[in-house]
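Have a look at the structure below before the remarks.
Protein chains: 2
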Amino acid sequence: MSHLTEHKLTSETVYTGKIIAVRHDTVRLPDGREATRDVVEHPGAVAVVPVTAAGEVVLVRQYRYPIARALLEVPAGKLDKGERPEDCARRELEEETGYKAGSLEHLATFFTAPGFTDEQMHLYVARDLSQTSQNTDQDEFIDIEYYTAAQIKKLLADKEIIDAKTLVGLLMAGY
Amino acid sequence: MSHLTEHKLTSETVYTGKIIAVRHDTVRLPDGREATRDVVEHPGAVAVVPVTAAGEVVLVRQYRYPIARALLEVPAGKLDKGERPEDCARRELEEETGYKAGSLEHLATFFTAPGFTDEQMHLYVARDLSQTSQNTDQDEFIDIEYYTAAQIKKLLADKEIIDAKTLVGLLMAGY
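Chains as they are written, first to last, in our numbering: chain A, 1 to 175; chain B, 1001 to 1175.
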């Protein structure tokens, strides 16, 4: 696909935050002209569809400051530096819901918004759950909710799931 | 969900780019403590699953600079200021693929990465396509590719679709 490739000419880090950093680059376009590209650098993340022995899906409700509302989502979290995605999935699931995954199946790995960020999301389904205890980050406040398969299908049909990774996860898990 | 709400205390715009802007805010957490939140402001976007009379799906292959590779995606694009999502979907479909949508059905509206950006994506399926001509932006280089339903299902099964909106679109369109 070399006829589509854009080549980096210059790169400047314009913001470095706690989680994200922002680069402003100039690139050489396929036709030889120049353009600018802003890139939001992100460490990557995981998301998990946890299914209980009774067939219920464990979802979390969490306030999302960027959109100023609480969203119903699958448990998810950012990769620690050097952390394997599967290890992160097990850790985040247990921290956010208090469930340890007996089995973890990889569903998909995808880019959330490749037009402006390199964030990559690794998605799993977790089964054979055993209960430990919730242990969220200091600045995380999360409600745990349980949904039957029929309720999940109704949430999807009613367009009440409005988070991308949650849509991908529930649809790929067969709901 | 007021027991989950975070309240803005201060807000500073730390970067303003051509498409995105970045804010660094401090917030009051539900337990009264303070935390910081970085927010990537985005104008919002649309994506379209175009299905031809022959039942083929029209996908675009495009270099995504943030991830330094070309991705196979559904046609998509950013909302112009004040533009209605449905108008944007028709415009972007025609610009990127040269197809005018006879019918447009809303599949979903979702947030791509609500942990750090307010980007909202409106997703449609387009049918009754009529051919006009491709007319991409100056800095856009796009290949158009056609896939049968069986090929789409194989791409999904082989985990070769690695773009979130494309996964949501193809799965919600029934593939």
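Note that beta-carbon positions come from the ideal geometry of N, C-alpha and C, so glycine has one too.
Arg1061 (chain B) at chain A interface by Cβ criterion, 9 Å: Sequence index remark: in the second sequence, residue 1061 (chain B) carries index 61 (1-based). True, the Cβ-Cβ gap to chain A drops below 9 Å.
Near Val22 (chain A), which residues of its chain fall below 6 Å by C-beta distance, leaving aside the five closest residues on each side in sequence? If you number the first sequence from 1, residue 22 (chain A) lands on position 22. Once the five neighbours on either side are set aside, the close Cβ partners of Val22 (chain A) are Val14, Tyr15 and Val40.
Contacts around His1024 (chain B), its chain only, beta-carbon distance under 6 Å, and the 5 residues preceding and following it disregarded: Residue mapping note: residue 1024 (chain B) aligns to position 24 of the second sequence, counting from 1. Counting only Cβ-Cβ distances below 6 Å, and skipping sequence neighbours, we find Glu1012, Val1014 and Asp1038.
Would you kindly work out how many angstroms separate the C-alpha atoms of Glu1056 (chain B) and Ile1067 (chain B), rounded to a whole number? Position 56 of the second sequence, counting from 1, holds the residue named residue 1056 (chain B). Position 67 of the second sequence, counting from 1, holds the residue named residue 1067 (chain B). Rounded to whole angstroms, Glu1056 (chain B) to Ile1067 (chain B) spans 28 Å at the Cα level.
Rounding to the nearest angstrom, what Cα-Cα distance links Met1121 (chain B) and Asp1031 (chain B) in this structure? Numbered from 1 along the second sequence, position 121 holds the residue referred to as residue 1121 (chain B). Numbered from 1 along the second sequence, position 31 holds the residue referred to as residue 1031 (chain B). Approximately 32 Å between the Cα atoms of the pair.
Between which two residues does the alpha helix (DSSP H) holding Thr1097 (chain B) run? Stepping through the second sequence from its first residue, residue 1097 (chain B) is reached at position 97. Note, Thr1097 (chain B): alpha helix (DSSP H), Pro1085 to Thr1097.
Please list the terminal residues of the continuous alpha helix (DSSP H) segment that includes Ile152 (chain A). By 1-based counting over the first sequence, the position of residue 152 (chain A) is 152. Run containing Ile152 (chain A): Ala149 to Ala157, per the alpha helix (DSSP H) assignment.
Quick check: the region 43 to 53 of chain A against the region 73 to 80 of chain A, are at least 3 beta-carbon pairs closer than 8 Å? Contact check between the region 73 to 80 of chain A and the region 43 to 53 of chain A: three or more CB pairs, one atom from each, fall below 8 Å, which counts as touching.
Quick one, which residues of the region 1008 to 1026 of chain B are near chain A if we go by CB-CB under 7 Å, in chain order? Val1014, Tyr1015, Gly1017, Lys1018, Ile1019, Ile1020, Val1022 and His1024
Strictly by DSSP, which residues pair up with Val27 (chain A)? The residue labelled residue 27 (chain A) in the question sits at position 27 within the first sequence. According to DSSP, which records beta bridges pairwise, Val27 (chain A) is partnered with A:Lys8 and A:Ala35.
Proximity test, Cβ basis, 9 Å: Gly1044 (chain B) and chain A: Taking the first residue of the second sequence as position 1, residue 1044 (chain B) is located at position 44. It does not; no Cβ of chain A falls within 9 Å.
Enumerate in chain order the residues of its own chain whose CB-to-CB distance from Leu9 (chain A) is below 8 Å, with the five nearest sequence positions on each side excluded. What you label residue 9 (chain A) is simply residue 9 of the first sequence in a count that begins at 1. Hits under 8 Å: Asp25, Thr26, Val27, Arg28 and Glu34.
Quick check on this structure: which residue in A:Tyr65, A:His3, A:Leu4 and A:Val58 has the alpha carbon closest to the alpha carbon of Glu140 (chain A)? In the first sequence, residue 140 (chain A) corresponds to position 140, counting from 1. Glu140 (chain A) has its Cα closest to that of A:Tyr65, out of A:Tyr65, A:His3, A:Leu4 and A:Val58.
Go ahead and label Gln1131 (chain B) buried or exposed: buried means 16 or more other beta carbons lie within 10 angstroms of its beta carbon, across all protein chains shown. As a first step, residue 1131 (chain B) must be located in the second sequence, where it is residue number 131. Result: exposed.
Within 9 Å of any Cβ in chain A, is that where the Cβ of Ala1101 (chain B) sits? On the second sequence, position 101 is the one that residue 1101 (chain B) refers to. It does not: the Cβ of Ala1101 (chain B) has no partner Cβ on chain A nearer than 9 Å.
Please list, in chain order, the residues of the region 1074 to 1095 of chain B that have any C-beta partner in chain A closer than 7 Å. Cβ contacts with chain A come from no residue of the region 1074 to 1095 of chain B.
Opposing strand residues paired with Met1121 (chain B) [DSSP bridges]: Translated into positions along the second sequence, residue 1121 (chain B) becomes position 121. According to DSSP, Met1121 (chain B) bridges with B:Ala1045 and B:Phe1110.
Can you confirm whether Leu1071 (chain B), when its beta carbon is compared against all beta carbons of chain A, has any partner nearer than 9 Å? Looking up residue 1071 (chain B) in the second sequence gives position 71. Residue contact check for Leu1071 (chain B) against chain A: a CB pair falls below 9 Å.
Given Val1125 (chain B) as reference, the closest of B:Met1172, B:His1007 and B:Phe1110 once Cα atoms are compared: Position 125 of the second sequence, counting from 1, holds the residue named residue 1125 (chain B). The shortest Cα separation from Val1125 (chain B) among B:Met1172, B:His1007 and B:Phe1110 belongs to B:Met1172.
Should Gly1115 (chain B) be flagged as near chain A, meaning a C-beta pair shorter than 9 Å? Translated into the one-based positions of the second sequence, residue 1115 (chain B) becomes position 115. It does; some Cβ of chain A falls within 9 Å.
Contact criterion: CB-CB distance below 9 Å. Does Tyr1065 (chain B) meet it with respect to chain A? The residue labelled residue 1065 (chain B) in the question sits at position 65 within the second sequence. Tyr1065 (chain B) counts as touching chain A.
Identify which residue in B:Ser1002, B:His1007, B:Ile1019 and B:Thr1005 has its Cα closest to the Cα of Phe116 (chain A). Against the first sequence, residue 116 (chain A) aligns to sequence position 116. The alpha carbon of Phe116 (chain A) has as its nearest neighbour, out of B:Ser1002, B:His1007, B:Ile1019 and B:Thr1005, the alpha carbon of B:Ile1019.
Along the chain, where does the alpha helix (DSSP H) containing Lys165 (chain A) start, and where does it finish? In the first sequence, counting from the first residue as 1, residue 165 (chain A) sits at position 165. Unbroken alpha helix (DSSP H) run through Lys165 (chain A): Ala164 to Met172.
Is the distance from the Cβ of Leu1155 (chain B) to the Cβ of Tyr1146 (chain B) below 9 Å? Taking the first residue of the second sequence as 1, we reach residue 1155 (chain B) at position 155. Taking the first residue of the second sequence as 1, we reach residue 1146 (chain B) at position 146. It is not a contact, given that the beta carbons lie outside the stated cut-off.
Going straight from the alpha carbon of Val58 (chain A) to that of Cys88 (chain A), what length do you get? Taking the first sequence and counting its residues from 1, the one referred to as residue 58 (chain A) is at position 58. Taking the first sequence and counting its residues from 1, the one referred to as residue 88 (chain A) is at position 88. When rounded, the distance between both Cα atoms is 17 Å.
Leu1107 (chain B) to Arg1084 (chain B), Cα distance in whole Å? Taking the second sequence and counting its residues from 1, one reaches residue 1107 (chain B) at position 107. Taking the second sequence and counting its residues from 1, one reaches residue 1084 (chain B) at position 84. Near 16 Å, if we compare the C-alpha coordinates of Arg1084 (chain B) and Leu1107 (chain B).
Write down the C-beta distance between Asp128 (chain A) and Gly102 (chain A) rounded to the nearest angstrom, noting that I regard them as a contact closer than 8 Å. The count along the first sequence starts at 1 and reaches residue 128 (chain A) at position 128. The count along the first sequence starts at 1 and reaches residue 102 (chain A) at position 102. With a Cβ gap of about 2 Å, Asp128 (chain A) and Gly102 (chain A) count as contacting.
Just checking my contact of Arg61 (chain A) with Asp143 (chain A) at CB under 8 Å: how many whole Å lie between their CB atoms? On the first sequence, residue 61 (chain A) is found 61 positions in, with the first residue counted as 1. On the first sequence, residue 143 (chain A) is found 143 positions in, with the first residue counted as 1. That belief holds up - the Cβ atoms of Arg61 (chain A) and Asp143 (chain A) are roughly 4 Å apart, short of 8 Å.
With a threshold of 9 Å between beta-carbons, can Arg1127 (chain B) be considered close to chain A, or not? Here residue 1127 (chain B) refers to the residue found at position 127 when the second sequence is read from its first residue. Taking Cβ atoms only, chain A never reaches closer than 9 Å to Arg1127 (chain B), which makes this a no.
So, using beta-carbon positions, are Leu1123 (chain B) and Val1049 (chain B) closer together than 9 Å? Mapped onto the second sequence, residue 1123 (chain B) falls at position 123. Mapped onto the second sequence, residue 1049 (chain B) falls at position 49. The Cβ atoms of Leu1123 (chain B) and Val1049 (chain B) sit closer than 9 Å to each other.
With DSSP as the reference, identify every bridge partner of Val1022 (chain B), one or two as the case may be. Here the question's residue 1022 (chain B) lines up with position 22 in the second sequence. Per DSSP, B:Tyr1015 and B:Val1040.
Quick one, are the C-beta atoms of Thr109 (chain A) and Ala164 (chain A) less than 9 Å apart? Looking up residue 109 (chain A) in the first sequence gives position 109. Looking up residue 164 (chain A) in the first sequence gives position 164. No, Cβ-Cβ distance for Thr109 (chain A) and Ala164 (chain A) is not below 9 Å.
Could you please give the first and the last residue of the uninterrupted beta strand (DSSP E) stretch that includes Ala1076 (chain B)? Your numbering for residue 1076 (chain B) matches position 76 in the second sequence. Per DSSP, Ala1076 (chain B) belongs to the beta strand (DSSP E) from Ala1076 to Lys1078.
Quick check: is the beta carbon of Leu4 (chain A) nearer than 9 Å to any beta carbon in chain B? Counting from 1 along the first sequence, the entry for residue 4 (chain A) is found at position 4. Interface residue, yes.
Report the CB separation of Pro114 (chain A) from Leu1071 (chain B) in whole angstroms; it is logged as a contact under 8 Å. Position 114 of the first sequence, counted from the start, is the residue given in the question as residue 114 (chain A). Position 71 of the second sequence, counted from the start, is the residue given in the question as residue 1071 (chain B). Going by Cβ atoms, the distance from Pro114 (chain A) to Leu1071 (chain B) rounds to 6 Å, so yes, they are a contact pair.
Which first and last residues belong to the beta strand (DSSP E) in which Gln62 (chain A) is found? Your numbering for residue 62 (chain A) matches position 62 in the first sequence. Bounds of the beta strand (DSSP E) holding Gln62 (chain A) are Val57 to Arg64.
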